[in-house]
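Student: Protein chains in written order, with my numbering: chain R, 243 to 483; chain G, 4 to 203.
No residue lacks a Cβ here, since even glycine has one placed at the ideal position from N, Cα and C.
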Amino acid sequence: MWRVRTVTALRDETATARTIVLKVPDWPSHVAGQHVDVRLTAPDGYSAVRSYSIASAPNQEGSIELTVERLTDGEVSPYLTQELGIGERLELRGPIGGWFVWRPRQTEPIQLVAGGSGIVPIMAMIRSRVASRNAAPFRLLYSVREPGAILYREELRALSTQDHSVTYAYTRTTPKDWPRPPGRIDAAFIADTIWPANVNPTCYVCGPTSFVESAAGLLVASAISPEKIRTERFGPTGDRK
Amino acid sequence: MGIISRNFSGRRSGTDVKLPPGQYLTTDFPVLSAGPTPRISLDRWEFTISNGSEVLRRWDWKSFRDLPSETVTVDLHCVTRWSKFGTTWEGVSLDTIFAGINTDAKYALVHSYGDYTTNLPLEDLMKKQAWIAFRFEDQDLAPEHGGPARLLVPHLYLWKSAKWVRGITLMHDDQPGFWESLGYHNYGDPWREQRYSGDE
């Protein structure tokens, strides 16, 4: 059911992405990877709903975080990233979704593949692993347009010093002296960076449709079995993530 | 009515009469799938109707394509809230597929290459409400949209229109499919906004 939730903090992650912290006192808890529906209603009663992934791990503090990427032609995301203020209230429904999820009881190696703001539900999985002190080995392959588009940069840097590797791929602009020219991930890059198929990792791939089509296809081509690959796609007009 | 966001105006269009509650119009064709896109070669493709214990009918690609087909123009409604108007498909009506099959089953479990399943009442597949579609907008159906062939049941949310379809099992008792087991509505009527389990 729809519940009214209050915004307690806002945090800019990049020039176009903002994290919204919401107080959820009676939250039924969630699983990393799930999303919520957010409903906005205009003064004349018109309303619009979009789905956004939860970025935070399940916690005892009665709060959740959503990270929203602003789409220039979006209907809901410009409001959420530019107009929304602390103390304002939003209507939320959820948590929703039971497939693209990682549960702390999973102990097998995990391969995460994120394109752009597809990192959001994957970050919830990374945070959930840390919070639950789960020792499952995680690897993240994170494809971004340019260095400035990386979400959660410092947090990922801190994590990657532990038994948790993060590899970046840049599609348009790389950092200075980066060994690989900008471009989409390809078979060679996949072979060099992901868990080999004999480790039998569970894979989570999230991002724009074309990215997920390509990345999931490369994983299958690298001999990872299709039933070990879970995907979540969002289209150019979908405000999801 | 809910909480008012004072500075939110949103986008409205004059065509909303055809839009089910909570949907917005798109001109793209977004993709939603739970896993990698399966690649199915036409010489290995098959489509079967079974009753759970035996196969009642089986088609290979050639015999399937020899069935009379129809061209239909329909609106699509995805549970992720986009709707797309006026999409044109070519496919074989399920009335044609079921011609000559006598069954008193009430339910159908549709299954796909890649192990996806979805369930619906058998009557929702009949009377020109559903097709096995293999062309979209005058092109062979692309793999990411369900090619070589997908179910098309436009009066229900699009997850019921199983991509990469390979068969239908007829059942006396309803059995939830993939999304129906993961918190989505068992029936999925967009006009009654039956998105999630628990919706009326």
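1. What beta strand (DSSP E) runs, 3 residues minimum, are completely inside the region 308-350 of chain R?
2. Exposed or buried, R:V302, counting other C-beta atoms within 10 Å across all chains shown (16 or more means buried)?
3. Could you tell me the boundaries of the beta strand (DSSP E) in which R:T409 lies?
4. So, helix, strand or coil for R:F476, using DSSP?
5. Rounded to a whole number of angstroms, what is the C-alpha to C-alpha distance between R:D254 and R:Q353?
6. Identify whether G:N122 lies in helix, strand or coil by the three-state DSSP scheme.
7. Who does R:G484 pair with in a DSSP beta bridge?
8. Leaving out five residues before and five after R:K483 in sequence, what residues of the same chain have Cβ atoms less than 7 angstroms from its Cβ?
9. In whole angstroms, what is the alpha-carbon distance linking R:D481 and G:Y27?
10. Taking its Cβ as the centre, do 16 or more other Cβ atoms sit within 10 Å of G:H175, making it buried, or is it exposed?
11. In the DSSP output, what is G:Q142 paired with across the bridge?
12. Count the other CB atoms, across all protein chains shown, that sit within 10 Å of the CB of G:K87; report buried if there are 16 or more and exposed otherwise.
13. Any idea what DSSP makes of R:R482, helix, strand or coil?
14. Give me the residue from G:L173, G:R198 and G:W194 with the minimum Cα distance to G:V205.
15. Just checking, does the region 328-338 of chain R make contact with the region 392-402 of chain R on the three C-beta pairs under 8 angstroms criterion?
16. Could you work out which residues of chain R lie near G:D118, taking near to mean beta carbons separated by less than 9 angstroms?
17. Measuring CB atoms only, is the region 177-196 of chain G touching the region 156-163 of chain G, in the sense that at least three cross pairs come out at less than 8 angstroms?
18. Quick check on G:E49: does DSSP put it in helix, strand or coil?
19. Using a Cβ-Cβ cutoff of 9 angstroms, what residues of the region 303-314 of chain R are near chain G? List them in chain order.
20. Where does the unbroken beta strand (DSSP E) through G:W85 begin, and where does it stop?
21. Is the distance from the Cβ of G:F139 to the Cβ of G:T83 below 9 angstroms?
22. Looking at C-beta atoms only, is the number of pairs between the region 447-464 of chain R and the region 19-39 of chain G that lie closer than 8 angstroms three or more?
23. Classify R:W420: buried if its beta carbon has 16 or more other beta carbons within 10 angstroms, exposed otherwise.
24. Output the distance between the C-alpha atoms of G:I100 and G:I171, rounded to the nearest integer angstrom.
25. Short of 8 angstroms Cβ to Cβ, which residues in the region 281-292 of chain R face chain G?
26. Indicate whether at least one CB of chain G lies closer than 9 angstroms to the CB of R:A377.
27. Less than 6 angstroms between C-beta atoms, sequence neighbours within five positions excluded: which residues of the same chain meet that for R:A373?
28. If you follow the beta strand (DSSP E) that R:T248 is in, where does it begin and where does it stop?
29. With a CB to CB cut of under 6 angstroms and the five nearest residues on each side skipped, what residues in its chain are close to R:N442?
30. Per DSSP, which one or two residues make a beta bridge with G:A108?
31. Take the Cβ of G:P33 as the centre, count every other Cβ of all protein chains shown within 10 Å, and call the residue buried at 16 or more, exposed below.
32. R:I436: buried (16+ other C-beta within 10 angstroms of its C-beta) or exposed?
33. Between G:E183 and G:N122, which are expected to be in contact by the criterion C-beta below 8 angstroms, what is the C-beta distance as a whole number of angstroms?
34. Just confirm the distance between the C-beta atoms of G:V168 and G:A152, as a whole number of angstroms; I'd bet it's less than 8 angstroms.
35. Taking any Cβ of chain R, which residues in the region 39-56 of chain G have a Cβ under 8 angstroms from it, in chain order?
36. Got a sec: which bits of the region 336-356 of chain R sit with their beta carbon under 8 angstroms from any beta carbon on chain G, in order along the chain?
Tutor: Working from what's here:
1. 331-338
2. According to the sequence shown, residue 302 of chain R is Gln rather than Val. It counts as exposed.
3. Residues H406 to Y412.
4. strand
5. 27 angstroms
6. strand
7. Chain R is shown only over 243 to 483; residue 484 of chain R falls outside these bounds and no answer can be derived.
8. Low per-residue confidence applies at R:K483: pLDDT is 35, beneath 50, and the placement is therefore not dependable, though the value from the model is reported in the following sentence. Taken in chain order, the residues that qualify are Y294, S295, E311, S359, G360, V362 and F476.
9. The predicted position of R:D481 is uncertain, since its pLDDT is 39 and thus under 50; a value taken from the coordinates is nonetheless stated next. Between R:D481 and G:Y27, the C-alpha separation is close to 11 angstroms.
10. exposed
11. G:F139
12. buried
13. Because the pLDDT at R:R482 is just 40, under 50, the model does not fix this residue reliably, and the point stays unresolved.
14. Residue numbering for chain G in the displayed model covers 4 to 203; residue 205 of chain G lies beyond these limits and cannot be assessed.
15. Counting C-beta pairs closer than 8 angstroms gives fewer than three between the region 328-338 of chain R and the region 392-402 of chain R, which falls short of the contact rule.
16. P468 and E469
17. yes
18. strand
19. none
20. W85 to S96
21. no
22. yes
23. exposed
24. Each residue's Cα considered, the two are about 11 angstroms apart.
25. R281, L282, T283, A284, P285, G287, Y288, S289, A290, V291 and R292
26. no
27. A299
28. R245 to D254
29. none
30. In the DSSP output, where bridge partners are listed per residue, G:A108 has none listed.
31. buried
32. R:I436 comes out buried.
33. 6 angstroms
34. 6 angstroms
35. P39, T40 and P41
36. Taking 8 angstroms as the Cβ-Cβ cut-off against chain G, the residues of the region 336-356 of chain R that qualify are I338, G339, G340, W341 and F342.
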